[in-house]
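Okay, so here's the structure we're looking at.
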Amino acid sequence: MHNLKEIRKDFDAFEKKMQKRSVDINFTKLKDLDLKNREFIQKKEALEKEKKDISKSKDSSLFSKSKEISSSIDKILEKQKIIKIDLEKILSNIPNIPHSDVPFGSSENDNVQIEKYGKIPRFDFKPRSHYELGENLKMLDFDLASKTTGSRFVFVKDKLAFLERALSNFMLDTHTLKNGYQEISPPLLASENSMFGTGQLPKFENDQFEVKLDVGMDRKFLIPTAEVILTNIVKNKILDLKSLPMRLVASTPCFRKEAGSYGKDTKGMIRQHQFYKVEMVSIVEQKKCLEELERMTNCATNILDLLELPYRKMILCSSDMGFSAEKTYDIEVWLPSEDKYREISSCSSCSTFQSVRMKTRYKDQKNEILYAGTLNGSGLAIGRTLIAILENYQKKDGSITIPKILRPYMNNLEKISLN
RNA sequence: GGAGAGAUGGCUGAGCGGUUGAAAGCACCGGUCUUGAAAACCGGCAAAGGGGCAACUCUUUCCUGGGUUCGAAUCCCAGUCUCUCCGCCA
Numbered sequence: 002m003h004n005l006k007e008i009r010k011d012f013d014a015f016e017k018k019m020q021k022r023s024v025d026i027n028f029t030k031l032k033d034l035d036l037k038n039r040e041f042i043q044k045k046e047a048l049e050k051e052k053k054d055i056s057k058s059k060d061s062s063l064f065s066k067s068k069e070i071s072s073s074i075d076k077i078l079e080k081q082k083i084i085k086i087d088l089e090k091i092l093s094n095i096p097n098i099p100h101s102d103v104p105f106g107s108s109e110n111d112n113v114q115i116e117k118y119g120k121i122p123r124f125d126f127k128p129r130s131h132y133e134l135g136e137n138l139k140m141l142d143f144d145l146a147s148k149t150t151g152s153r154f155v156f157v158k159d160k161l162a163f164l165e166r167a168l169s170n171f172m173l174d175t176h177t178l179k180n181g182y183q184e185i186s187p188p189l190l191a192s193e194n195s196m197f198g199t200g201q202l203p204k205f206e207n208d209q210f211e212v213k214l215d216v217g218m219d220r221k222f223l224i225p226t227a228e229v230i231l232t233n234i235v236k237n238k239i240l241d242l243k244s245l246p247m248r249l250v251a252s253t254p255c256f257r258k259e260a261g262s263y264g265k266d267t268k269g270m271i272r273q274h275q276f277y278k279v280e281m282v283s284i285v286e287q288k289k290c291l292e293e294l295e296r297m298t299n300c301a302t303n304i305l306d307l308l309e310l311p312y313r314k315m316i317l318c319s320s321d322m323g324f325s326a327e328k329t330y331d332i333e334v335w336l337p338s339e340d341k342y343r344e345i346s347s348c349s350s351c352s353t354f355q356s357v358r359m360k361t362r363y364k365d366q367k368n369e370i371l372y373a374g375t376l377n378g379s380g381l382a383i384g385r386t387l388i389a390i391l392e393n394y395q396k397k398d399g400s401i402t403i404p405k406i407l408r409p410y411m412n413n414l415e416k417i418s419l420n
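Under the working numbering, the first residue of the first sequence carries the number 2, and numbering increases by one thereafter.
Here it is in structure tokens:
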């Protein structure tokens, strides 16, 4: 969310920056509502002052006047409430402003490749897709999942389940032992307010799984990413400068409705309602956002380097970035069966966008209170890493070689083949 | 599920109808002292919002939402969360 005070300073500049996002926002209405809102505040405060003076004077002859003032205040408050709701509604649906580094674009086709890494494997046979490989090994079972649950779920079995678990441990170990992240095992449900804080609500409610709890009225949602719960750890806080940067990592299941992607990636486990992901979150001084983004992205790509998987690094264009992001790098891993790169990690700086929503601040050296910068990135999506290993490490006979770095995590198993 | 207790500033914690935005301590910032540091001492120190070029000033906020009152951190009602005891249980 944007700080209205900042927007007000230069409405036109704000409008101009927002054009890069290609979203339609009623700026005139926003400006108008802000103006009216401030008028009401002034009227209200004048009356409040008057009332306060009466009560301080303890002059009983003025007490009835005070009652009258109270009712006028109520009337103003009522009108102001409507304006405030409108204002909030507009404001909370405005995305973050893209950083000047971000290329302008209208679709994912405008994302810009920064660099390619690793060697694309050559096969002397037609490489199979991960679902063919997994089903042949009898270790991926999509039919069983539709039987027990429904579409876009999968059973991962046997050695592939082992591999999945090994990946989680390997990634967590790397981030905690080498990259300075603190491991967290968080709740998988988030409150409505937490979902608002990171920007999933109110605009993207359709993508979220809401969970009905019997007691209480508070709404709860299954986390679509651990980003939600990790970032909201610092909600409503004024942090000590010494506690920054704060780096957190968690490996959790993630739940997404994938509304609006009907017919997309219906085969295989590229796009599921539930998947494991190792997520990194950093809370930093606002001026250190971009620096931290580079660091975080390197932490993500480092995992691919260690797994010896070929990938490329992309910078997302203005229209392909997430709602809360000011700048995003996508890491795409090579998938031989599709003969192309597919997203396996997304690292974003959200500047102060989320911290304004969450009210996360810190005191700098001068004791000034500033909004914190927040960043999040996958390090990596486990399901998709599993896919990448299956496809890139496949052999002609349908067996899978296990990447060397993972073997210590898998009882020194070297290869997965049909039992 | 049953019975109690509580929620106050960055933190700990007093206050239980009238300059209380809130004692005290810790933390933090500035200063004195010191070769430097620590200790000690002195001073400063809540946030959000509005107005003003500024100095500054006003309003709101003691979990949330209602209510009583001229006036609420303080009284009443509802909700949320936390803790203790009992029961149940992974």
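We treat Cβ as the ideally placed atom computed from N, Cα and C, and that holds for glycine.
{"Item": "Between the CA atoms of Arg343 and Ser130 - distance to the nearest angstrom", "Value": "13 Å"}
{"Item": "Secondary structure of Leu88, DSSP reduced to three states", "Value": "helix"}
{"Item": "Cβ distance (whole Å) where Leu419 is taken to contact Leu164 below 8 Å", "Value": "Leu419 to Leu164, Cβ: 15 Å. No contact."}
{"Item": "Closest by C-alpha distance to Lys198, when choosing among Leu189, Lys66, Thr361, Pro409", "Value": "Position check: residue 198 holds Gly in this sequence, whereas Lys was assumed. The shortest Cα separation from Gly198 among Leu189, Lys66, Thr361, Pro409 belongs to Thr361."}
{"Item": "8 Å Cβ cutoff met for Phe171 and Leu407", "Value": "yes"}
{"Item": "Sufficient close CB pairs (3 or more, under 8 Å) joining the segment 323 to 338 to the segment 90 to 102", "Value": "yes"}
{"Item": "For Cys351, the first and last residue of its enclosing beta strand (DSSP E)", "Value": "It is not in any beta strand (DSSP E) - Cys351 carries neither H nor E in the DSSP assignment."}
{"Item": "Cβ contact (3+ pairs, closer than 8 Å) linking the segment 364 to 378 and the segment 151 to 159", "Value": "no"}
{"Item": "Nearest to Leu138 (by Cα), restricted to the options Leu391, Leu48, Val24", "Value": "Leu391"}
{"Item": "Three-state secondary structure assigned by DSSP to Glu339", "Value": "coil"}
{"Item": "Opposing strand residues paired with Pro203 [DSSP bridges]", "Value": "Bridge partners of Pro203: none, in fact."}
{"Item": "Inter-residue spacing [alpha-carbon to alpha-carbon] between Phe64 and Lys45", "Value": "19 Å"}
{"Item": "Residue interval of the alpha helix (DSSP H) (run including Asn38)", "Value": "28 to 58"}
{"Item": "Proximity of Glu280 and Glu228 at Cβ, strictly below 8 Å", "Value": "yes"}
{"Item": "Segments assigned alpha helix (DSSP H), at least 4 residues, entirely inside the segment 224 to 307", "Value": "227 to 232"}
{"Item": "Residue burial classification, Lys50 (beta-carbon count within 10 angstroms, cutoff 16)", "Value": "exposed"}
{"Item": "Top-ranked residue by Cα proximity to Ser320, from Ile84, Phe126, Glu109, Ile115", "Value": "Glu109"}
{"Item": "Tyr263, buried or exposed, once every other Cβ within 10 Å from all chains shown has been counted against 16", "Value": "exposed"}
{"Item": "7 Å Cβ shell around Pro404 - same chain, five flanking residues per side excluded", "Value": "Leu308, Glu309, Ile390, Tyr394"}
{"Item": "Stretch pair the segment 288 to 301 + the segment 369 to 385: three plus CB contacts closer than 8 Å", "Value": "yes"}
{"Item": "Same chain only: Cβ atoms within 6 Å of Leu305, ignoring 5 sequence neighbours per side", "Value": "Tyr312"}
{"Item": "Beta-carbon separation (whole angstroms), Gly374 vs Gln275, contact threshold 8 Å", "Value": "No, Gly374 and Gln275 are not in contact; Cβ-Cβ is about 30 Å, not under 8 Å."}
{"Item": "Bridge partners - Asp142, DSSP secondary structure assignment", "Value": "Phe156"}
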